[in-house]
Structures are given as C-alpha cells and as structure tokens.
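In UniProt numbering, the protein residues as written are 1 to 575.
These notes are about the structure you will find just below.
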Ligand code: AMP
C-alpha cells in the first residue's frame, strides 16, 4: 500500500484507476504477500505447512467465524507471542461491535490497518475534490470523537478503530492540505469527555461559520447527536461567543486551552446576535445551511443501520448532498463510494483490492463456491470474507453485500445488512441472541413478582435524540384469579437495568457516553401480540418478530401501551 498523501490530484487519480483496473492481479499479489509473510505463524502452519500457494489456501484453510479463531486471539490477548497469528507484530486490539460468548470481540491490529485508513482517506478526499465544488477553500466541522482506551492482559491497548486512528501519528502528522483542515483543534477531538467535546466542536464551528464547507461525523448517528447538543445548548453557545469566553464546565484542559485560542478572548456580539436570531426560529428545517451558509455537503456513513437517520438529516440540512464515503470495520477497511453525490438510496462502495484479500460466499445456491473479488456477478448478494495482513484469515465479517455495478474491473457493492443484528442506535449492534439473553435476565427479576412474561418484541426508537431501545412486553398475572394487573414500578425498573446490564460493551459505551438513551419497557394490553399476528399474511407460520420493522405493527404496539418504564423517566407512567 503506497502512502499517497504527497501525490497531486492527477497522481491520486492514477492510483485509483490502477487499483480498479487491475483487481485480480492486485488481489493475487496481496494474498501471496500475506501467505508468504505469515507462513511460519502457528495458525497458517496448522493448515498450509509453510506453503503460500493460492490453490492450497482455497482448499485447506477453513472459513471461520470470530468464535473459531478466538482461542488463537485470546492467547495473544493473554500475552503469548503475536506470531501465533501474525508475522508483523500485533500492536493493539480493536473493540468490535458484537459479542462472543458474552465478551466483546477483540480484533487484533497493527500499523498496516492505520496505513489503510490513511490511504482510504486520501482517496476519498480526492474523489470528493472531483465531485464537490469549492470545498478546498474551507474547513470541515467534523464531530470526531475519541474514547478512552483500556489495556489487554498482555499490556497492548484496546480501543475503537476510529479512536485509534485519531490518536495515531498518521492523524497527528497528516498532510496540511485542505483535506484535513478542520474548524476544531485536534485537542477537541482527542478529549475524553464526549459532552465537552461536542460542545467545543460546535463552538469552534460557529465562530468560524463562514469558513465551514463540510459538516459531518463518522456515523450519521453522531451528527444527529451533535444537532441535539446544538438544540440544547445554543443559548449558552451564543453567550460564550458574545463574551469571547468559555463556559466553566468545560474542564478538559486540552479542550479549554485550544478553544480559548480559537475564541482569542474576543467578544463577538454581532455574530452571537445573528446565531441567536437563526436559532430562535420556530422551525429548524434546514438550520445547518443557515448557520453555516458555505457548507457544500454533509459527510457521514448513511447506509446499513445508519439509513434510519437519513430523514432527520434531510430535515436539518435541506437539499444539501448527503455523502456516505467509507465502508470499514475493525477487521479491515473495505472501500469507498466513488460517486459521492449520489442519492442515499443509491450508495454503493467500491472495494479496494490493496487493502485486504476479499472473498465472497453467494447467498443463493449452495454449491460451496467461494468467489474472488473479480468473479462476483451483477445483482447477486454475498457474504463477505476477509484475509488481512494482521492475523485474520478467511474470516466471516457478518455483512451481506450486493453487486450494483463496476468501476473499471472493480465491483461496487450495496450494503444489504449485517447478519443477525436486530437493534442498533449508534455503533451498537445487538443481535437476536443478545436480546434474548437480556430479556431472560429481566425475566428472572419479573419472576419475583406476581407477573409473568407472555411475549416480547423490540424497536430502536430514534424519534428523539439520543435514540433508545424499546422492549414491548405483554405480561399476565401468574394467579388467574387476581383482578387487574399490578405494575410494580421498582420491579420494572429493575428489569430495565437487568436488560441493560446484560447487553454488550458497545451498548454500554454508548449509554455511558450519551449516544444511546435508557432502555424502555412498554407494557402492552393483553392480546396485543395476537393483534400483531393478525397483521401477518402467513398466520400459520407466524413467529413474533424479535424486532419490529413495520409502521403498522409499531402502531398496534404503541396504541396498546398501558405502562412505560425507563430509568430515564424520573417517574415512569402508567396510562
Ligand atoms: P465494527 O467492527 O464494530 O466497527 O463494525 C463494523 C461493521 O459496521 C461493518 O461490518 C458493517 O456491518 C458496519 N458498517 C461499517 N461501515 C458501514 C457502511 N458504510 N455501511 C453500512 N454498514 C457499515
């Protein structure tokens, strides 16, 4: 992978053309490099006995899930040499969404991943430069955030992939061109308190409102959250702008000092008045385009579980292009959207053949075929496998993608779904198993009362920010003779806590940092789940869905809610 940040636009264009024209050769070379380099690792030795031949790789190396390779990864996590899986030393672990045996997935990584991240950012900005007008003269207000890292028993750091990149030298020493020019100082991105960071991001962006040409965050959920902070704090932001000083509650010294430099101690009463007038309007439709009049596009991942935020963003951003550029995971970077101004429903990603070796299991037909990147067919859907340079071989990512077209020889993919995920608000991905476990935990609490759970389903409610999980419960009295149901608030709040305690680290992270609101139990009338079944066209095979996706079904549930319980509501209310 070449470092291309010093290339001019023409040279970057050539790199992209070369990558998309020579997919097969580049993938074969990369696989050869991976197998040769790692031939002596314990993992590959077990199956390939030192060979780096592609045919043997395809024949002998098993297709695995995280569970399968967890024993190898755990040994590295616990301090054994990293060459069990990777010849290039593992330097850190990414905390990936999803659980394995109740614990979070720890994905091994090293600088090769960061190199890929830096590379893809350069290519993305090159593509943006080609499509968007007059973006090179301004700054990006990007709500980048980092989260605290922890340490594995072996002493290596554990962090989220994006945090790791922002804290790395690749970001620190990034090129000084407009691609990476932001309205916020780095210290605001690197601070450890999300609330303070978001406030400071907004303050810096508002002070430089005429220079901001793009607004975004990694995921759409992050941007919606920043808009909520703006809604809640605009009066205070205006007061800070008016006086040229920063609110006392911003105590993070990095944020404080760096934002102080942006404010320069200079009172800006006119600017403050202008912002106040804009924010006092009754309707906030298109507010981002009014507050930041030079903004040319919105930048955030909008596909998969983030698609639900598109209507909200359209409301606040009017007709600004919503641009979703990157497709990546803790295991690898996949690729980018080379048609960035397309409509949200048309977003596809072109996989870059130099980042990892990709394979595809067709969703239809089960003849055991595993295809290479150059062999996938238009209109077909596949499960994605990754072999990377840092210790993962033929690993199922859990994503289903569909081929929508080609750029040169490189296929473009629509993200179809993440397998098994039922609930997601931010970067959390709760699967069916996690949800069942959580409900079972809560059921133990309910068992101590005179009620029993009849049925349940769930919904990711994003109608307010931050969004939260709603779990609809139908309950009945254990004792048939008892008259009327008695909802003991304490019991139900304990049930909420039991469910939240049972969910994975990514969920808890979101809760702790405020990107996910408290889980709610909505108790529904007796017979509501029968009414849900009546909506189904195939009643004979009907199974209560673990998660509700249809508007109609949601309406049935909502109109039947008789009590709501959540640790957010100071008093949960019984209708
Ligand atoms: P994690 O490893 O926790 O960062 O999660 C990675 C997963 O997030 C991917 O495997 C996808 O399921 C999802 N994801 C990442 N980027 C996108 C995208 N552009 N569109 C849809 N889903 C995405």
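Glycine included, C-beta positions come from ideal geometry on N, C-alpha and C.
Since we're looking at a predicted model, the values are computed, not measured.
- Between the beta-carbon of residue 105 and that of residue 66 there is about 5 Å, and that keeps the pair under the 8 Å contact cut.
- Between residue 286 and residue 238, the C-beta gap is not smaller than 8 Å, which leaves the two residues out of contact.
- The continuous alpha helix (DSSP H) containing residue 45 extends over residues 42–48.
- A Cβ-Cβ distance of about 6 Å is found for the pair residue 400 and residue 363, placing them in contact under the 8 Å criterion.
- Look at residue 397: its beta carbon is less than 7 Å from one of the heavy atoms in the ligand AMP.
- Annotation: the segment 287–334 contains the following complete segments of the alpha helix (DSSP H) (minimum length 4 residues), in chain order: 287–291 and 310–317.
- Counting other Cβ atoms within 10 Å of its Cβ, residue 512 stays below 16 and is therefore classed as exposed.
- Counting only residues of its own chain and dropping the five nearest sequence neighbours on each side, residue 153 has a CB closer than 7 Å to the CB of 77, 78 and 79.
- Nearest to residue 274 by alpha-carbon distance, out of 568, 468 and 209, is 209.
- Here residue 217 has 143, 223 and 300 as same chain residues with Cβ atoms under 6 Å from its own Cβ, once five neighbours each way along the sequence are excluded.
- Residue range 451–461 is occupied by the beta strand (DSSP E) that includes residue 455, with no alpha helix (DSSP H) assigned at that position.
- Cβ-Cβ separation between residue 459 and residue 470: approximately 5 Å, consistent with a contact (criterion under 8 Å).
- About 18 Å separates the beta carbon of residue 327 from that of residue 428, a gap too long to meet the 8 Å contact definition.
- At least one heavy atom of the ligand AMP lies less than 7 Å from the C-beta of residue 304.
- Judged by DSSP in its simplified three-state form, residue 405 adopts strand.
- DSSP, read as helix, strand or coil, puts residue 85 in coil.
- When DSSP reads this structure, residue 417 sits in a beta bridge with 400.
- By the criterion of at least three beta-carbon pairs nearer than 8 Å, the segment 112–126 is not in contact with the segment 31–41.
- Within the same chain, 278 come within 6 Å of residue 290 by CB-CB distance, once the 5 residues on both sides are set aside.
- Inclusion of residue 450 and residue 504 in the CB contact set at 8 Å is not warranted, their separation being larger than that value.
- Here residue 518 carries a coil assignment [DSSP, helix/strand/coil].
- Here residue 75 is not bridged, per DSSP, to any residue.
- Beta-bridge pairing by DSSP links residue 561 to 524.
- In the DSSP assignment, residue 474 is bridged to 455 and 524.
- Excluding its 5 nearest sequence neighbours in each direction, residue 118 has C-beta neighbours in its own chain below 6 Å: 170, listed in chain order.
- Distance check between residue 330 and each of 108, 430, 136 and 343 places 108 closest, using alpha-carbon atoms only.
- The residue from 34, 12 and 69 with its alpha-carbon nearest to that of residue 52 is 34.
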